[in-house]
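Okay, so here's the structure we're looking at.
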Amino acid sequence: MAKEGRSATRAAAVHQRLRDDILGGRFRPGERLKFQQICEDYKTSVGAAREALTRLASEGLVRSQPNFGYMVTPLSLEDLEDLTAARVELECMALRMSIEKGDRQWEANAVAAHHLLARTPFTSSEQPSRPTDEWARVHTEFHFALIAGCPNRRILQVARSLREEAGLYQLWSVSFQRKPDRDGAAEHRALLEASVDRDAERAALLLREHLQHTARLLQADGLHELHAPPEE
């Protein structure tokens, strides 16, 4: 039992590190994830690497293909459109229900999550073109906090899953946002205010626009630049 527990702990650690590296832009969409390289870079076993990649595949961040192994999930405009449409419907529904049913603890948690988001640096001097891992984490936690009051567990679970899967698109849309045309901090603040004011209609409209902006950025920039270079 102790050995199984250590194995699960190692796999969880590798999963988290790989996940952070994928969402941190250190692997490009479509890039192949080789077991031998992962084992060497992350100093782990093949079993732990395989379990970590299986979990990432279930989260939509990597893809498994016969005779090829695993790769970072490729991005496409068609998939982006489908994903955005699904997220708009499900996450806005979850937010409406959260506003209608959420209690004062839900409000407090949303305010606290926004407090952390507003005070976390968006970029760093080492990587000025992409959000920091910490900002990406608290940004996700803020949006999860907004919908956490939704009493329908199935709607909430799917909405959260879709947001996780959209992490790659969010990362690369920020990366290619050469001329920012938005005030993200103001958008988050407005979302919080509408939510705690129990204005479900306004909050849903704000969230819809917030989610659709990522799609517009990538549609404007195109996705051809995001593909991993061919292997030698």
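So the sequence shown is numbered by the numbering used here: it starts at 493 and just counts up by one. We put the beta carbon where it would ideally sit given N, CA and C, even for glycine.
Nearest in C-alpha terms to P620, of all of W598, Q528, R611 and G516, is G516. Going by DSSP, G539 is part of the alpha helix (DSSP H) stretching over V538 to S550. Minimum Cα-Cα distance from R690 among the listed residues G676, R652, I591 and A540 corresponds to I591.
Three or more beta-carbon pairs drawn from the segment 586-606 and the segment 631-647 are found closer than 8 angstroms, and the two stretches are therefore classed as touching. Here G539 is exposed: its Cβ has fewer than 16 other Cβ atoms, across all protein chains shown, within 10 Å. The segment 601-609 and the segment 650-668 do not touch, with fewer than three beta-carbon pairs separated by less than 8 angstroms. Positions of the beta strand (DSSP E) runs, each at least 3 residues long and wholly inside the segment 556-604, are given as 561-564 in order along the chain.
In this structure, the beta-carbon distance from L582 to V554 does not fall below 8 angstroms. Note that the segment 541-551 does not touch the segment 691-708; fewer than 3 beta-carbon pairs, one per stretch, sit closer than 8 angstroms. Assignment of R524 by DSSP, reduced to helix, strand and coil, places it in the strand class. The beta carbons of T576 and L660 sit about 13 angstroms from each other, so the pair does not count as a contact at 8 angstroms. The shortest C-alpha to C-alpha distance from V580 to any of Q597, L709 and A696 is the one to A696.
Counting C-beta pairs with one atom in each stretch, the segment 673-685 and the segment 696-709 have three or more that are closer than 8 angstroms, which means they touch. If you draw a straight line from the Cα of Q704 to the Cα of E679, it comes to about 13 angstroms.
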